[in-house]
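End of the sequence shown sits at 480 in the working numbering; the numbers just go up one at a time, nothing left out. Ideal Cβ positions, reconstructed from N, Cα and C, are used throughout, including at glycine. Worksheet for the structure shown next.
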Amino acid sequence: MEYDVTIGIEIHCQLKTATKMFSGASCSYGRKANTCVNEIDLGHPGTLPAVNMEAVKKAIEACTALHLTIDPLVKFDRKNYYYSDLPKGYQITQQFHPIGRNGYIMIDTPEGKKKIRINRIHMEEDTAKQFHVKGLDESLIDYNRAGTPLIEIVTEPDMTSGQEAQAYVEALRQTLYYIGVSDVKMEEGSMRCDVNVSIAPKGSKELGVKNEIKNMNSIANIGYAIDYEVERQKKILEEGGVIYQETRRFDDATKTTVLMRRKEGSVDYKFYPDANIPPIRLSSEWIADIQKNMMELPDERKARYEKEYGLSEHDIHILIANKELSEFYEQVMKFSKDSKGVCNWLLSDVSGYLNKHEIAIEDCKLEPSHLAKLVAMIDEGKVSNSQAKQLIDPMMEGNDPEVVAEEKGLKQVSDAGAIEAMVKEVLDENPQAIEDFAAGKGRAMGFLVGQLMKKSKGQANPAMASKMIQEELKRRIQ
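Following this line, the structure appears as structure tokens:
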């Protein structure tokens with residue numbers, strides 16, 4: 003039997019602010035437990051929240067980038083429930099008045115572009131973090147995260163496969179990172195995904211019973227979890243069973259989803275407006291000014307690269323996938339006219355060095371002008387590609403490629419007279435290769451070029467050497 007798969011995603015994304023949503027406590031990752039928290043975050047009696055204006059600004063930027071209609075009236079509500087990671091006994095959120103509604107983002111699929119609708123974006127505060135330590139009868143709580151500004155981004159159920167879900171999360175992650183809304187580090191929990199999956203007989207007008215997979219922290223695992231969950235639900239239906247509404251988690255070791263709890267009905271959180279935060283009306287001028295001064299979006303950068311640098315769609319896709327790498331590319335291009343050459347070396351040997359040493363482009367000592375100089379040296383025939391590769395490591399340590407090439411004797415010989423002399427020597431030393439070439443054996447040419455490169459200690463211009471060997475061979479064979 004065939005089934006329709008329906009997927010919706012809710013993403014909690016920490017906003018990149020210096021302080022928390024309703025207090026002046028610092029937002030920091032990796033600090034000593036319970037050192038970035040104050041009385042407001044803990045809900046002490048007599049304390050009052052104050053809305054973080056920078057968090058509102060970043061929420062507006064997210065709404066704009068994702069084409070949502072912005073509500074200029076900011077209202078907050080209390081979501082009441084009692085859990086150890088919620089110090090006040092309620093969470094301040096925007097249940098009834100989200101800051102943005104009805105947007106979308108485009109994703110790439112094997113069938114082409116697809117629009118994923120976004121139902122809403124609302125602001126709220128994060129909870130504390132619990133640690134369940136093996137061997138202890140109690141859990142430990144770090145309140146550093148409590149009160150960190152969040153936006154929750156809720157899609158419509160528009161995705162139909164794990165691949166589409168992965169493409170959506172990657173597109174969203176890249177967009178939010180480019181505009182500086184969040185650092186979107188899933189491994190650190192600053193971007194967390196809850197995935198809702200349901201299946202129904204193909205062509206059914208009603209959606210199936212959804213199962214929610216909580217707190218997905220990697221794009222790869224989102225694909226694994228959805229693929230497993232679809233097959234699990236299919237098996238239940240085909241065996242005559244019943245799918246219950248459940249909350250599940252992903253087990254990274256087994257690449258399966260595991261039951262956390264079964265939902266018997268919707269939870270009554272007893273939402274009501276937060277009396278301590280009066281409604282705030284945002285001026286249209288302030289919103290317009292934020293939108294006018296937003297950072298460049300990935301699609302805007304892609305279009306600019308096509309126009310300014312004439313790069314292929316494939317090269318642009320790889321470049322803009324890493325914001326810092328693409329910005330370094332632009333710095334190099336201030337010193338170079340060879341956009342394709344710079345791109346090739348940046349995406350191949352330079353990226354290879356970064357991956358090998360597990361460092362980011364902004365953390366290495368490579369100077370943009372030095373990479374431009376290396377490409378120019380190749381274009382001008384001063385060094386060969388193989389010689390240039392020997393200059394990468396010194397360059398990544400901050401050294402000038404021209405200076406290093408001089409010190410190591412890595413200069414390409416492009417003098418026609420010098421190469422002609424070596425060509426004659428190589429042919430005189432290898433009469434059998436001349437006979438093989440005359441007999442139509444193609445490998446003879448490669449052998450002779452190799453011998454010349456060996457004689458020149460790798461410094462001869464390969465193109466010139468090959469051309470001159472061919473010309474001399476023709477003369478001798480005639």
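- Task: Compute the Euclidean distance between the alpha carbons of Ser458 and Glu369, then round it to the nearest angstrom.
- Result: 31 Å
* Nearest residue (CA-CA) to Pro100, options His316, Arg119, Glu154, Ile143 -> Glu154
* Lys384 to Arg306 span [Cα, whole Å] -> 32 Å
Checklist line | Stretch-stretch touch, CB-based, cutoff 8 Å, three pairs: the stretch 157-166 with the stretch 179-194 | finding: no
Can you tell which of Lys456, Phe439, Leu393 has the C-alpha that lies nearest to the C-alpha of Ile421?
Lys456
For Glu315, decide whether its Cβ has a neighbour in chain B, counting only Cβ atoms nearer than 9 Å.
Among the protein chains of the structure shown there is no chain B, as only one such chain exists.
My understanding is that Tyr5 touches Lys204, with C-beta atoms under 8 Å, so please give their C-beta distance in whole angstroms.
6 Å
(message) Arg194 and Asn223 - do their beta-carbons sit closer together than 9 Å?
(response) no
### Query
Looking only at its own chain, which residues have a Cβ that is under 8 Å from the Cβ of Tyr355, when we skip the five neighbours before and after it?
Cys366, Ile394, Asp395, Met398
Note to self: Just verifying my parser: in three-state terms, what is the DSSP assignment at Gln97?
What the structure shows: coil
For Asn40 and Glu298, what's the separation of their Cα atoms in angstroms?
36 Å
Give the DSSP-derived three-state secondary structure of Ile11 in the structure shown.
-> strand
>> Quick check on the burial criterion: 16 or more other C-beta atoms within 10 angstroms. Buried or exposed for His46?
In response: exposed
Exercise. For Gly26, which option in Ala378, Asn387, Ala148 has the closest C-alpha, if you only look at C-alpha atoms?
Worked result: Ala148
Original post:
Which stretch, first to last residue, makes up the beta strand (DSSP E) that contains Gln461?
Top reply: Neither: Gln461 is in no beta strand (DSSP E) and is coded neither H nor E.
Report task. Could you please give the first and the last residue of the uninterrupted alpha helix (DSSP H) stretch that includes Asn357? Result -> 353-359
Discussion item. Could you compute how far the alpha carbon of Gly102 sits from the alpha carbon of Gly312?
Written reply: 36 Å
(Q) Could you compute how far the alpha carbon of Asp276 sits from the alpha carbon of Ala61? (A) 19 Å
Taking the alpha carbon of Glu231 as the point to measure from, which residue in Ser200, Gly210, Glu240, Asp254 has its own alpha carbon closest?
-> Ser200
ask   = Which residues share a DSSP beta bridge with Val260?
value = Arg251
**Message:** If contacts are defined as beta-carbon pairs under 8 Å, then Tyr274 and Asp79 qualify, I think. What distance do you get, rounded to the angstrom?
**Reply:** 6 Å
Alpha helix (DSSP H) segment containing Cys345, residue limits: 341-347
### Task
Pick helix, strand or coil for Val244, following the three-state DSSP scheme.
coil
Kindly indicate which residue of Asp128, Ile72, Gly191 has the alpha-carbon position closest to the one of Gly32.
Gly191
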